[in-house]
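Q:
There are 2 protein chains.
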Amino acid sequence: VVTIDPDRLLTDLRRLRRFGAVDQGVVRQSLTPIDLEARDWLRRRMADAGLDATIDGVGNVIGRSPTDGPALLIGSHADTQPTGGWLDGALGVIYGLEIARAFIQRTDGPPLAVDAVAWVDEEGTFGSCLGSRSYCGLTTSDELATAKNADGVTLTEAWRAAGLDGVAARPEPGRYRGYLEAHIEQGASLERDGNQIGVVTEIVGSRNIAIGFLGQQNHAGTTPMHLRRDAATALVELAHTINLEFRRLAGSATVWTIGRMTVAPGAASIIPGTAEMHLQFRDPDLGRLETLEAVTLQLIDDANADGVVDVTATPSIAPVNPTKLDEELASHLAAAAEQVAGSRWVAMPSAAVHDAMFLAEVMPAAMLFVPSIGGISHDFAENTRDEDIVLGCEALAAAAESILRGEPTAG
Amino acid sequence: VVTIDPDRLLTDLRRLRRFGAVDQGVVRQSLTPIDLEARDWLRRRMADAGLDATIDGVGNVIGRSPTDGPALLIGSHADTQPTGGWLDGALGVIYGLEIARAFIQRTDGPPLAVDAVAWVDEEGTFGSCLGSRSYCGLTTSDELATAKNADGVTLTEAWRAAGLDGVAARPEPGRYRGYLEAHIEQGASLERDGNQIGVVTEIVGSRNIAIGFLGQQNHAGTTPMHLRRDAATALVELAHTINLEFRRLAGSATVWTIGRMTVAPGAASIIPGTAEMHLQFRDPDLGRLETLEAVTLQLIDDANADGVVDVTATPSIAPVNPTKLDEELASHLAAAAEQVAGSRWVAMPSAAVHDAMFLAEVMPAAMLFVPSIGGISHDFAENTRDEDIVLGCEALAAAAESILRGEPTAG
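Which chain is which? The protein sequence lines are A and B, in order.
Here the first sequence is numbered in the numbering used here, starting from 1 and rising by one per residue.
Here the second sequence is numbered in the numbering used here, starting from 1001 and rising by one per residue.
Here it is in structure tokens:
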């Protein structure tokens, strides 16, 4: 079987960290000068490995194996959050590089084709999963024309400054058996249960609803309770009822969050006239996601029916439906995990969005997780034990080989 | 009986509005140049009426009747909120001027002494009820040394700029039979029930508690519900429980308000790590106020007991206990109200703080309310019908006469 080089893997991972390193973390947002430097370094590392390496017109770095297909595309994203960890994205990118390199350099066994990829802008500096969606043909011209970063720089300007023409590479017809992506878990469940590998079965969907409350601002001393139209009380009571109902309807993987809550004018002696809260919920099951959405809208209708405060609901982020990952690819990942980690692996949903969601629309796609220490991510402190980093790459390489050889799995 | 002059009353009230007029409202915050101009005008109007008029060292305008005591002190405050109405304070000030003037100018009946007063800074630009508390000896040197307005100007600087030495006038020993203050209701109950006068029996007390929540900020997708320490959820559930318990314990005059609510960092996909809310409650009954306070602290203890989120309580504004107004003075006001308004008056508590609360500590004090159109106050739209303005002044003048004559009342 193919053998990856643990030292080379960890060395390249640490080299990639140097582009934008701050303490243990990394600041390397999409299409910034340091991100473009990192992409050029990745292109050169892929070329050094014997891949035909290019940066496409949107910023994706793609290293094509000289071997004929069927091929696997393996990678993740190279950009980070504004104050990011060193592994979120980078881990999967260097796994792709290392595995493609291992297949080219092996001298035993048949030639097998693994192409490596480093997507641009998964973190949404200009648009969430922009690179992978561009590759899959899932962006709209309207979105691209209006996209801006937090500083107001347009995507068009950023591409021009980077010498990019905005035209993405597209999947080479007939070449791909599928897409594999490794990622840190960004949660604490692998660590908590003593597992070293997670085989991702699906990526959860989400709904985001901004809920507005319009009451009547008034004097907090002289307005009796029965005459109040208090926007803050309406918010509290609706949030409480949502918590009750969601607890009743939730599955084991359902999560919901009221991450934003504001009342105005926000003074001790004034009854708030307006309020707003943001409700987000995620679930791997589309049916449950739709039930939770319907229940939320019904509770808002009920709150409106009493007529005291006007309550409105606005979808604040486009709905994302759950993505079922490819079962056959996942069964290869499971067999490989069993092979390298014994019983210390588990099948699990991904609670976060990943590039694999969009790849799954154009080819079979699967994902593998490694543990996040303390469940921390999107933070300079994000980390994974070296042993787990190496083990995850070994599992992904073994799965790639069994997929490309067309070996049957127990699953 | 003494007769007030309705035209003169309304004319002076409208003249006072011109100092700081914006549309129908007034912007005349304490110790600003326009407030000082208004005070100087008031001093001159009092002098024109035959009163011995002075501005004391804190900014109170006091017009002393040349008649010997026993005297009544009648007035209210001349300052406004940052965007204030034209009657809040001003009404009671011009009533004091008009009634003192009417008693000096009358030719029938015995000479009776009414002194007029216009307190400074009831609205708390530098400190709530600063002028009346200074007059009553209820300020602390520490408070005066540190007081600032919203622009960071210290009270000491403001006094110096106004040519004031910071030393308040004090009640002339043995002179006063009591203090009378008229004010707009700042609520809608008189208007709603078709009453023209309210005789205030007591001023409610209040408690203000800032409640802080410390949980753990985390990823809203990858953190399962049972591992969350969500500060926003803790806030919602405590606020809901407070609403339930307070509804059970409330009397007809109890009010409570959560006027401020913040969660941090306030992003859709991040579980809030910290949150804060401000709870205020008011009640005319000290026992109930203390029960509500004890229940709030118990609910906070209960919320802490589950250990998920740390909850802390901090009194954010000094506690104010309810003030019982003088029953004998109130019975004169009631008799006068009956005389001018027939059955269209009612005995009622005041839900807002007034200068009379502090005067009540040094002499018998009573208050009279006139209706607020639509219950609106602290707003440019604040208003009262001319007919009600005149009627209120007639009632207050009649009560002043019967008090000073020492007439018995039915009550």
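A virtual CB, placed ideally from N, CA and C, is assigned to each residue, including glycine.
Which stretch, first to last residue, makes up the beta strand (DSSP E) that contains V61 of chain A?
A: V61 to R64
Q: Within the 9 Å Cβ cut-off, does D1230 of chain B reach chain A?
A: yes
Q: Is it true that the CB of E191 of chain A sits closer than 9 Å to the CB of G374 of chain A?
A: Yes; because the gap between Cβ atoms is below 9 Å, this pair is in contact.
Q: What does the alpha-carbon distance come out to for the pair L72 of chain A and S65 of chain A?
A: 10 Å
Q: Short of 8 Å Cβ to Cβ, which residues in the segment 203-228 of chain A face chain B?
A: V204, S206, N208, N218, H219, A220, G221, T222, T223, P224, M225 and L227
Q: Is the shortest distance between the beta-carbon of E237 of chain A and the beta-carbons of chain B less than 9 Å?
A: yes
Q: Report the rounded CA-to-CA distance for A1118 of chain B versus D1079 of chain B, giving the unit in angstroms.
A: Distance between the alpha carbons of A1118 of chain B and D1079 of chain B is about 9 Å.
Q: So, do the segment 1338-1351 of chain B and the segment 1189-1203 of chain B have three or more beta carbon pairs nearer to each other than 8 Å?
A: They touch, by the three-pair rule.
Q: Hey, A356 of chain A and I99 of chain A are a contact pair by Cβ (cut 8 Å); roughly how many whole angstroms apart?
A: Actually they do not touch by this definition, with Cβ atoms about 16 Å apart.
Q: For the beta strand (DSSP E) that F19 of chain A lies in, which residues bound it at each end?
A: Neither: F19 of chain A is in no beta strand (DSSP E) and is coded neither H nor E.
Q: Quick check on I94 of chain A - is its C-beta less than 9 Å from some C-beta in chain B?
A: no
Q: Short of 7 Å in beta carbon distance, which residues of its chain neighbour V340 of chain A, apart from the five on each side in sequence? Order them along the chain.
A: L391, E394, A395 and A398
Q: Could you tell me the alpha carbon to alpha carbon distance between T254 of chain A and D283 of chain A, rounded to whole angstroms?
A: 5 Å
Q: Tell me which residues share the same chain as V114 of chain A and place their Cβ nearer than 7 Å to its Cβ, disregarding the 5 neighbours each side in the sequence.
A: S65, A71, L72, I74, I99, A100, F103 and A400
Q: Pull up the CB-CB distance for A1200 of chain B and P1349 of chain B, whole angstroms please, since I reckon it's below 8 Å.
A: The question names Ala, but residue 1200 of chain B is Val in the sequence shown. V1200 of chain B to P1349 of chain B, Cβ: 7 Å. Contact.
Q: Since Q1186 of chain B meets chain A, which of its residues come closer than 8 Å, beta carbon to beta carbon?
A: H219, G221 and T222
Q: Hey, N1243 of chain B and P1315 of chain B are a contact pair by Cβ (cut 8 Å); roughly how many whole angstroms apart?
A: Actually they do not touch by this definition, with Cβ atoms about 20 Å apart.
Q: Note down, one range per segment and in chain order, each beta strand (DSSP E) of at least 3 residues found wholly within the segment 1226-1271 of chain B.
A: 1255-1264
Q: How many Å lie between L1249 of chain B and L289 of chain A at the Cα?
A: 40 Å
Q: Does the separation of the CB atoms of L180 of chain A and I211 of chain A fall below 9 Å?
A: no
Q: Establish whether the CB of I197 of chain A and some CB of chain B are separated by less than 9 Å.
A: It does not: the Cβ of I197 of chain A has no partner Cβ on chain B nearer than 9 Å.
Q: Who are the neighbours of V255 of chain A on chain B, taking C-beta pairs under 8 Å?
A: A1220, G1221, T1223, P1224 and M1225
Q: If you measure between the beta carbons of A352 of chain A and G1221 of chain B, is that distance less than 9 Å?
A: For the 9 Å CB-CB criterion, A352 of chain A and G1221 of chain B form a contact.
Q: If N1304 of chain B sits next to V1295 of chain B, beta carbons under 8 Å apart, how far is it from one beta carbon to the other, in whole angstroms?
A: Not a contact, Cβ separation roughly 15 Å.
Q: Report the rounded CA-to-CA distance for P110 of chain A versus H77 of chain A, giving the unit in angstroms.
A: 29 Å
Q: Does the CB of S1189 of chain B have a neighbour CB from chain A at under 9 Å?
A: yes
Q: Terminal residues of the continuous beta strand (DSSP E) containing H1278 of chain B?
A: T1274 to D1283
Q: Just the C-alpha distance for G411 of chain A and S402 of chain A, rounded to the nearest angstrom, thanks.
A: At G411 of chain A the pLDDT is 46, less than 50, meaning the model places this residue with poor confidence and gives no usable figure here.
Q: Compute the distance between the beta-carbons of G20 of chain A and D7 of chain A, then report whether it is under 9 Å.
A: no
Q: Note down, one range per segment and in chain order, each alpha helix (DSSP H) of at least 4 residues found wholly within the segment 1157-1214 of chain B.
A: 1189-1192
Q: So T312 of chain A is in the alpha helix (DSSP H); what residue range does that whole segment cover?
A: Per DSSP, T312 of chain A belongs to no alpha helix (DSSP H); it is in the beta strand (DSSP E), D310 to V320.
Q: Could you please give me the residues that DSSP links to S76 of chain A through a beta bridge?
A: Paired residue(s): A:A118.
Q: Exposed or buried, A381 of chain A, counting other C-beta atoms within 10 Å across all chains shown (16 or more means buried)?
A: exposed
Q: Hey, could you find the ends of the beta strand (DSSP E) S1350 of chain B is sitting in?
A: W1345 to S1350
Q: What are the residues in the segment 273-302 of chain A lying within 8 Å of chain B by C-beta distance?
A: A275, H278, Q280 and R282
Q: Among A:T257, A:N218 and A:R17, which one has its Cα closest to the Cα of H240 of chain A?
A: A:T257
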